[in-house]
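Let me begin by presenting the structure, written as C-alpha cells, before commenting on it.
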Amino acid sequence: MTLVSTPPVPFARLRAGWASAHAPVAGVPRWARIAAMAVPFTVLPAGLWRIAAFAFHLPILSGNGLDTEAAGGDLPGWVPLEAYVVLLSIVSEVVAFTAVGLVAGWGEVFPRWVPGLRGRRVPITVAVVPGLAGAAILTPMWTASVVNCLVFQKNIQGRPLPDDFPIHFHDWQGVLGAVAYAPLLAWGPLLAAVTLAYWRRRTRAS
Numbered sequence: 519m520t521l522v523s524t525p526p527v528p529f530a531r532l533r534a535g536w537a538s539a540h541a542p543v544a545g546v547p548r549w550a551r552i553a554a555m556a557v558p559f560t561v562l563p564a565g566l567w568r569i570a571a572f573a574f575h576l577p578i579l580s581g582n583g584l585d586t587e588a589a590g591g592d593l594p595g596w597v598p599l600e601a602y603v604v605l606l607s608i609v610s611e612v613v614a615f616t617a618v619g620l621v622a623g624w625g626e627v628f629p630r631w632v633p634g635l636r637g638r639r640v641p642i643t644v645a646v647v648p649g650l651a652g653a654a655i656l657t658p659m660w661t662a663s664v665v666n667c668l669v670f671q672k673n674i675q676g677r678p679l680p681d682d683f684p685i686h687f688h689d690w691q692g693v694l695g696a697v698a699y700a701p702l703l704a705w706g707p708l709l710a711a712v713t714l715a716y717w718r719r720r721t722r723a724s
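This note's numbering numbers the first residue of the sequence shown as 519 and each following residue consecutively.
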C-alpha cells in the first residue's frame with residue numbers, strides 16, 4: 519500500500535488562497551499579468567532594506583549611518599523607529615499588491631470576506647480611479663526622489679542631503695541602498711499600464 523502525504527490543512531488553505539489571489543481572469547493579456555505581478559517586487563527590495571538597516575540594525579549603512587533621530591524624521595518620540603519601519607514596509611507591500619487585483623478575480627468581483635459587497639461586481643471606476651491616481655502620484659514622486667538623491671544629492675524638496683545619508687555610490691553599502699530603491703521607479707508606470715489594461719478589458723466586456 520502506498521502512503522501519499524498531504525500538506526497540513528492550514529498550509530493547504532494558505533497555498534490555495536495564494537493561488538486564488540494571483541490567478542488571472544480570462545482575457546488578461548500575458549504582459550498585463552507579468553506587469554501586475556511585478557508591482558509588489560518593485561516595492562519589496564526597499565522594504566527589506568529598511569527593515570534590515572533600521573529594524574534589525576544590520577551593518578549595511580555607510581560609517582555610522584543615520585542616527586535614530588535623523589532616521590525617524592518627524593516621528594513622535596513614543597513611536598519606536600523599528601516598529602514604524604516594519605509597519606511602513608508591510609503597508610507599502612499591501613498597497614503594491616492591490617495591483618494584482620487588476621488582473622485577478624477579486625478585482626472584478628468582491629471576495630467573500632468583504633461584508634455587504636461579497637459576490638457583487640466591482641464598479642470599474644472603483645478600481646480605475648485609484649489606480650490611475652496612484653500612478654499619477656507615484657511616477658513623479660519616485661522619479662524626483664531617486665533622481666534627486668542619486669544624481670543631484672538632494673532630497674525631494676531640493677535641500678542637500680546630509681553627509682551620512684545612506685544611499686549613494688561611494689561604497690557598497692550606499693550602492694546596496696540605491697539598488698534597493700531603484701525599482702520603485704517602475705511602480706507608477708507599471709500600475710498605470712495595468713490599470714489601463716483593466717479598464718479596456720472591463721469596458722469591452724460591459
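Virtual Cβ for every residue (Gly too), placed ideally from N, Cα, C.
Which residue comes first and which comes last in the alpha helix (DSSP H) that contains residue i?
i: Pro658; result: 642-668
i: Glu626; result: Element bounds for Glu626: n/a, residue is neither H nor E.
i: Leu562; result: 548-568
i: Gln671; result: First-last for Gln671: undefined, no H or E at that position.
i: Phe683; result: From DSSP, Phe683 is part of no alpha helix (DSSP H); its letter is neither H nor E.
i: Ala601; result: 599-615
i: Val618; result: Where Val618 is concerned, there is no enclosing alpha helix (DSSP H), given that its DSSP letter is neither H nor E.
i: Gly695; result: 690-699
Output the distance between the C-alpha atoms of residue i and residue j, rounded to the nearest integer angstrom.
i: Thr713; j: Arg722; result: 14 Å
i: Gly565; j: Phe615; result: 13 Å
i: Pro563; j: Pro701; result: 8 Å
i: Ala544; j: Gln671; result: 46 Å
i: Val644; j: Ile685; result: 37 Å
i: Ala573; j: Ser610; result: 16 Å
i: Val632; j: Cys667; result: 41 Å
i: Gly623; j: Gly676; result: 43 Å
i: Gly706; j: Val665; result: 15 Å
i: Gly634; j: Phe683; result: 48 Å
i: Thr560; j: Gly625; result: 20 Å
i: Thr586; j: Phe628; result: For Thr586, the predicted model reports a pLDDT of 49, less than 50, meaning its position is unreliable; a value from the coordinates is still stated below. One C-alpha to the other measures close to 42 Å.
i: Ala554; j: Ala617; result: 5 Å
i: Arg719; j: Glu600; result: 42 Å
With respect to 6 Å, is the separation between the Cβ of residue i and the closest non-hydrogen atom of the ligand FAD below this value?
i: Ala556; result: Questions concerning the ligand FAD fall outside what the structure shown contains, since it holds no ligand whatsoever.
Take residue i as the anchor and find which of the options has the nearest alpha-carbon.
i: Ala715; options: Arg533, Pro547, Arg531, Pro658; result: Pro547
i: Ala711; options: Pro542, Phe628, Val557, Val561; result: Val557
i: Leu620; options: Leu635, Tyr602, Val640; result: Val640
i: Ile674; options: Arg636, Val612, Pro658; result: Pro658
i: Asp568; options: Val604, Leu656, Arg533; result: Before going on, a small fix: residue 568 reads as Arg here, not Asp. Per the Cα distances, Val604.
i: Thr661; options: Arg638, Val693, Ala704, Gln691; result: Ala704
Residue i bridges to which residues according to DSSP?
i: Arg720; result: None; Arg720 has no bridge partner.
i: Pro678; result: Lys672
i: Pro542; result: Ala622
i: Arg639; result: Val627
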